[in-house]
Each structure stands twice: as structure tokens, then as C-alpha cells.
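Below is one structure, written out as C-alpha cells, with a few remarks after it.
Protein chains: 2
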Amino acid sequence: MGEPAEVAARSLTPGTSLTRDDAERLAGLLRVVSDPTRLQLLSMLLAAPDAEANVTDLTEPLDLTQPTVSHHLRLMVEAGVLRRERRGKQVWFSIVPERLAAIADILR
Amino acid sequence: MGEPAEVAARSLTPGTSLTRDDAERLAGLLRVVSDPTRLQLLSMLLAAPDAEANVTDLTEPLDLTQPTVSHHLRLMVEAGVLRRERRGKQVWFSIVPERLAAIADILR
DNA sequence: CGTAAATATTGATCGATATCGATGTCAGCC
DNA sequence: GGCTGACATCGATATCGATCAATATTTACG
Numbered sequence: 006m007g008e009p010a011e012v013a014a015r016s017l018t019p020g021t022s023l024t025r026d027d028a029e030r031l032a033g034l035l036r037v038v039s040d041p042t043r044l045q046l047l048s049m050l051l052a053a054p055d056a057e058a059n060v061t062d063l064t065e066p067l068d069l070t071q072p073t074v075s076h077h078l079r080l081m082v083e084a085g086v087l088r089r090e091r092r093g094k095q096v097w098f099s100i101v102p103e104r105l106a107a108i109a110d111i112l113r
Numbered sequence: 006m007g008e009p010a011e012v013a014a015r016s017l018t019p020g021t022s023l024t025r026d027d028a029e030r031l032a033g034l035l036r037v038v039s040d041p042t043r044l045q046l047l048s049m050l051l052a053a054p055d056a057e058a059n060v061t062d063l064t065e066p067l068d069l070t071q072p073t074v075s076h077h078l079r080l081m082v083e084a085g086v087l088r089r090e091r092r093g094k095q096v097w098f099s100i101v102p103e104r105l106a107a108i109a110d111i112l113r
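Keeping their order, the protein sequence lines are chains L and G. Going by my numbering, the first sequence opens with residue 6, and the numbers climb by one from there. Going by my numbering, the second sequence opens with residue 6, and the numbers climb by one from there.
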């Protein structure tokens, strides 16, 4: 599968203007956290005991189906924002704070 | 029209989970800076002399039409990320750094 | 006041993606 | 080894937004 792409190559601040390619990569990362459902998921994970939760628990408060929630979780895992760990029948998700911070830092 | 909406009401960190409404508002703000073209525009503005530029100058390096660039600039102005100032026939745009920082802070 | 330059608006198109229902897969248990 | 529970994948749909061409608006200038 490959590591979640080092980090953002080039942010906004460097004196030189952004390449289209760099801009698309950075926009792609930002888009991962620019969805209301994904923000709610992140928020729930932050508030959860031990800062982790499984798909069922994450689905319940949302007015969405389980496949939809799994889809959002997948996108965030692929972006390196979430960590995924299978324990028995359940799969637990937790935030990777450095990655979230790295995305925020794109705008500095 | 109205002011650019105080700032983000509620960020990610508060112990309580995000409301749908709050999540949508925050996601809306993040989406404004989650587009490659808009990131390029922000980057060009940061690199520009006096940190400002007009529509023609901003359009030229991009492989896009002027209406498209105007559209992106409009979205960012409406979100409070850009300031707009007409000077003669031209309209000059510059970044509102606090607003950009406020958006970045959503993820903390 | 008519013309040209700079920017805005409008209407249409097209691709991306959030969502769902249906189904597949995987892990524990009787 | 079949059942059930937890999660993933698939295919279809529908909405949203980036983009364009065409046109309107605004401003200076002669």
C-alpha cells in the first residue's frame, strides 16, 4: 500500500508560488478534513474514552448508514489522518495528531 | 451580504462532539482553501510585491479563464480570506492572515 | 458620450463524490 | 461447520462545484 506520503511537500509560505502538482496534492489533503461528516468523526474520536472508537459506535450518533461511515473512515486512514486497528470482530480508529497538525500547517 | 461570520463557532477540540450544523459551517470554511486553484492564488498573493495582485495578473500564470479566476476570488472574499479593493479599473486582492490562521486552527 | 480595458455575472456542462441498498468477507461462538 | 455480528466492498444515483463561452457591468479616457 505504501506509507501515507511523507508529509506535504511544500506548504503555502515559501517565496515561490505553488506548482499545480503541489497545489493539487495539498488540496487533496485538505479536502479530507473538509467534510462535515469527517469533522464529526474526528470530533467524536477526540471526545471518546482512550481517544478511540469502532465503526458501530461511530455510526450510531450519525444519521448515516454504516457503509457510508466506513467510506469516510477509509478516506481518512488512506490520508494518514486515522490509525486503524482490528481487535476481534471490531475495528478501532484513532487520530494521528501529527498528521492533522501537518495538514493545518499547510495554511501557514 | 453581512460580515464574514465572526469566526468559527466551536472548533474540533472541545470535549463535546460537533453538531451537524457546526460541522457543516467549519467544513464550509475548510473547503474554501481545499481547492488547488485557490491554493495557487493564495500562494501567488503571498509571493506578490506588497502582497497584493489584480485579477489580470492572477489569471495569467494559471491555465484558466478570467471568469473562473474571478469565481475563485469571490469565494475567498465571501469567506473573509481575501480583502478586495477597487483602484481605478482594476481590483486588487490581498490575504487576511488572521482569517487564514483561524481556518487552520479549526484542526486543533 | 462612445470606446476600450478590467472585472463580474450568467447559463450550461461535466466530473467528482457523498450516499444508499445489497452483498461480500472475516472473526468468534454454540 | 454453520450462525451471527462487525465491517468492507460494489454498483447506482444524485448533488455539488469547477470550468467555460458569452455577455453584462464598471471605469477611465479621448
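C-beta atoms are modelled at their ideal positions from N, C-alpha and C, and glycine is treated no differently.
Could you tell me the distance, in whole angstroms, from the CA atom of residue 62(G) to the CA atom of residue 22(G)? By one-based count along the second sequence, residue 62(G) stands at place 57. By one-based count along the second sequence, residue 22(G) stands at place 17. About 43 Å.
Could you tell me whether any Cβ in chain G is nearer than 8 Å to the Cβ of residue 85(L)? Translated into the one-based positions of the first sequence, residue 85(L) becomes position 80. So, not an interface residue.
Taking only beta-carbon atoms, is residue 3(G) less than 8 Å away from chain L? Outside the shown range of chain G (6 to 113) lies residue 3(G), about which nothing can therefore be said.
Looking at the secondary structure, which residues open and close the alpha helix (DSSP H) in which residue 25(L) lies? By one-based count along the first sequence, residue 25(L) stands at place 20. Looking at the DSSP string, the run of the alpha helix (DSSP H) that includes residue 25(L) is 25 to 37.
Name, going along the chain, the residues of the stretch 28 to 53 of chain L whose beta-carbon falls closer than 7 Å to a beta-carbon of chain G. 28, 29, 31, 32, 35, 36, 38, 39, 40, 41, 44, 45, 47, 48, 49, 51, 52
Opening and closing residue of the beta strand (DSSP E) in which residue 99(G) lies: By 1-based counting over the second sequence, the position of residue 99(G) is 94. Residue 99(G) -> beta strand (DSSP E) spans 95 to 100.
Starting from residue 18(L), find everything on chain G with Cβ-Cβ shorter than 9 Å and list it in chain order. The sequence position of residue 18(L) within the first sequence is 13, counting from 1. Those are 48, 51, listed as they occur along chain G.
Less than 8 Å between the beta carbons of residue 108(G) and residue 17(G), yes or no? Stepping through the second sequence from its first residue, residue 108(G) is reached at position 103. Stepping through the second sequence from its first residue, residue 17(G) is reached at position 12. It is not a contact, given that the beta carbons lie outside the stated cut-off.
For residue 40(L), tell me which candidate among 27(G), 19(G), 49(G), 90(G) has the shortest Cα-Cα distance. Indexing the first sequence from 1 puts residue 40(L) at position 35. Residue 40(L) has its Cα closest to that of 27(G), out of 27(G), 19(G), 49(G), 90(G).
Residue interval of the alpha helix (DSSP H) (run including residue 43(G)): Counting from one through the second sequence, the residue named residue 43(G) turns up at place 38. 41 to 52 is the span of the alpha helix (DSSP H), which, as asked, contains residue 43(G).
Go through its chain and collect everything with a Cβ distance to residue 78(L)'s Cβ below 8 Å, but skip five positions before and after it. Here residue 78(L) is taken as the residue at index 73 of the first sequence, counted from 1. So the qualifying residues of the chain are 46, 60, 63, 87, 89, 98.
Do you know how far the Cα of residue 69(L) is from the Cα of residue 104(L)? Residue numbering aside, residue 104(L) sits at position 99 when the first sequence is read from its first letter. Residue numbering aside, residue 69(L) sits at position 64 when the first sequence is read from its first letter. In a straight line, the C-alpha of residue 104(L) is about 26 Å away from that of residue 69(L).
Chain-order list of residues whose beta-carbon lies under 6 Å from that of residue 24(G) (same chain, five-residue window excluded): For this step, residue 24(G) is matched to residue 19 along the second sequence. For residue 24(G), where only same-chain residues beyond five positions count, there are no Cβ hits under 6 Å.
Report the rounded CA-to-CA distance for residue 37(G) versus residue 76(G), giving the unit in angstroms. Working through the second sequence from its first residue, we reach residue 37(G) at position 32. Working through the second sequence from its first residue, we reach residue 76(G) at position 71. So the two alpha carbons sit approximately 12 Å from each other.
Per DSSP, which one or two residues make a beta bridge with residue 88(L)? Translated into positions along the first sequence, residue 88(L) becomes position 83. Residue 88(L) is bridged to 99(L).
By the 9 Å beta-carbon criterion, what residues does the stretch 96 to 112 of chain L contribute toward chain G? 105, 106, 108, 109, 110, 111, 112
For residue 43(G) and residue 29(G), I'd like the C-alpha separation in whole angstroms. Numbered from its first residue, the second sequence carries residue 43(G) at position 38. Numbered from its first residue, the second sequence carries residue 29(G) at position 24. Each residue's Cα considered, the two are about 20 Å apart.
Just the Cα atoms here: how many angstroms apart are residue 52(G) and residue 58(G)? Numbered from 1 along the second sequence, position 47 holds the residue referred to as residue 52(G). Numbered from 1 along the second sequence, position 53 holds the residue referred to as residue 58(G). Cα to Cα, residue 52(G) sits roughly 10 Å from residue 58(G).
Residues that residue 63(L) contacts on chain G, provided the C-beta gap is smaller than 8 Å: As a first step, residue 63(L) is located in the first sequence; it is residue number 58 there, counting from the start. In chain order: nothing, as chain G lies at least about 10 Å away.
Nearest-angstrom Cα distance between residue 136(L) and residue 101(G)? A query on residue 136(L) cannot be resolved here, the shown segment of chain L reaching from 6 to 113 and no further.
Can you list, in chain order, the residues of its chain whose CB lies under 8 Å from that of residue 72(G), leaving out five sequence neighbours each side? One-based indexing of the second sequence puts residue 72(G) at position 67. The answer is none, since no qualifying residue turns up.
Go ahead and pull the three-state DSSP assignment for residue 83(G). Residue numbering aside, residue 83(G) sits at position 78 when the second sequence is read from its first letter. In this structure, residue 83(G) counts as helix in the three-state DSSP scheme.
Those residues which DSSP pairs with residue 57(G) across a bridge: Looking up residue 57(G) in the second sequence gives position 52. Per DSSP, 99(G).
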